[in-house]
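Heads up, the working numbering is the position in the sequence shown plus 30, with the first residue counted as 1. Using N, Cα and C, we set each Cβ at its ideal position, and we do this for glycine too. A quick write-up on the structure given underneath.
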Amino acid sequence: MSGLPSGLYGTAFSGSAWNNAAECGSCLEVTGPNGKINVMVVDQCPECEESNLDLFQDGFAKIGSISAGKIATSYTKIPCGITSPIVLHNKSGTSAYWFSMQVVNSNRAVSKLEVSTDGGSTWQSTTRTNYNFFEQSSGFGTSTVDIRLTSASGGTIKVSKVSVASDSKVTATSNFS
31 MSGLPSGLYG
41 TAFSGSAWNN
51 AAECGSCLEV
61 TGPNGKINVM
71 VVDQCPECEE
81 SNLDLFQDGF
91 AKIGSISAGK
101 IATSYTKIPC
111 GITSPIVLHN
121 KSGTSAYWFS
131 MQVVNSNRAV
141 SKLEVSTDGG
151 STWQSTTRTN
161 YNFFEQSSGF
171 GTSTVDIRLT
181 SASGGTIKVS
191 KVSVASDSKV
201 TATSNFS
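As structure tokens, then:
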């Protein structure tokens with residue numbers, strides 16, 4: 031992901047809370063000694079204690095003193111406040127025979143990405159990687175697919191006729207509410 035959406039700071043989540051990237055893209059309201067900020071989980075922090083955050087420096091500075099090093103925080107999950115459409119980004123090397131796609135700009139964490147090669151009659155699962163791409167090692171044998179995204183809160187979005195060309199991007203028509 032290049033750059034964070036406006037109004038959000040970045041954070042890494044402890045390794046166990048990262049949950050194989052299941053929390054990547056989720057947003058949190060974080061309260062610290064000097065106030066509150068909204069953050070997006072964009073990385074893992076394997077050395078962090080259970081359920082701890084490693085706030086990026088600009089966000090940390092808003093709610094605590096950098097010189098403190100560590101501060102007490104609390105957080106709650108929130109929607110990210112993103113209203114522009116989701117973007118689907120194929121990893122370099124993606125083809126009909128190897129599938130790797132990342133969901134970018136989502137208002138909520140994505141729990142599942144499924145692929146249809148028959149116009150939505152049947153859906154095939156993908157496997158989420160620890161680096162937050164959804165993959166199928168044998169691909170789907172076609173140059174375009176339909177995508178069904180499911181958010182962590184259960185909402186779904188379908189995007190039709192998505193190219194599986196290497197490093198291509200497709201902008202959906204909506205986002206999760």
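- In the structure shown, alanine 42 falls within a strand segment according to DSSP collapsed to helix, strand and coil.
- Residue pairing of tyrosine 127 in beta bridges, as defined by DSSP: absent, with no partner found.
- Annotation: the stretch 108–183 contains the following complete segments of the beta strand (DSSP E) (minimum length 3 residues), in chain order: 117–120, 129–134, 140–146, 164–166 and 174–181.
- The secondary-structure analysis by DSSP pairs leucine 83 across a beta bridge with Phe43.
- Classified as exposed, serine 114 has fewer than 16 neighbouring CB atoms from the shown chains inside 10 Å of its CB.
- Rounded to the nearest angstrom, the gap between the Cα atoms of threonine 172 and serine 196 is 13 Å.
- Residue pairing by DSSP places leucine 34 in no beta bridge whatsoever.
- By the Cβ-count criterion, serine 122 is exposed, with fewer than 16 other Cβ atoms from all chains shown falling within 10 Å of its own Cβ.
- When DSSP reads this structure, threonine 61 sits in a beta bridge with Lys66 and Ser104.
- Secondary-structure assignment with DSSP links threonine 201 through a beta bridge to Val117.
- Under the three-state reduction of DSSP output, serine 97 falls in the helix class.
- Taking a C-beta distance under 8 Å as the contact criterion, isoleucine 108 and asparagine 68 qualify as a contact pair.
- By the C-beta criterion, the stretch 73–80 is judged to be in contact with the stretch 36–49, since at least 3 inter-stretch pairs fall below 8 Å.
- Just measuring C-alpha positions, the residue of Phe163, Val175, Lys142 and Asp176 sitting nearest glycine 184 is Lys142.
- Taking C-beta atoms under 8 Å as the contact rule, glycine 89 and glycine 40 qualify, at a distance of about 7 Å.
- Valine 71 is bridged by DSSP to Thr41.
- Contact between leucine 83 and threonine 106 does not hold, since the beta-carbon distance rounds to 12 Å and is not under 8 Å.
- If you look at serine 193, you'll find it in the beta strand (DSSP E) that goes 186–193.
- In the three-state reduction of the DSSP assignment, glycine 55 falls in the coil class.
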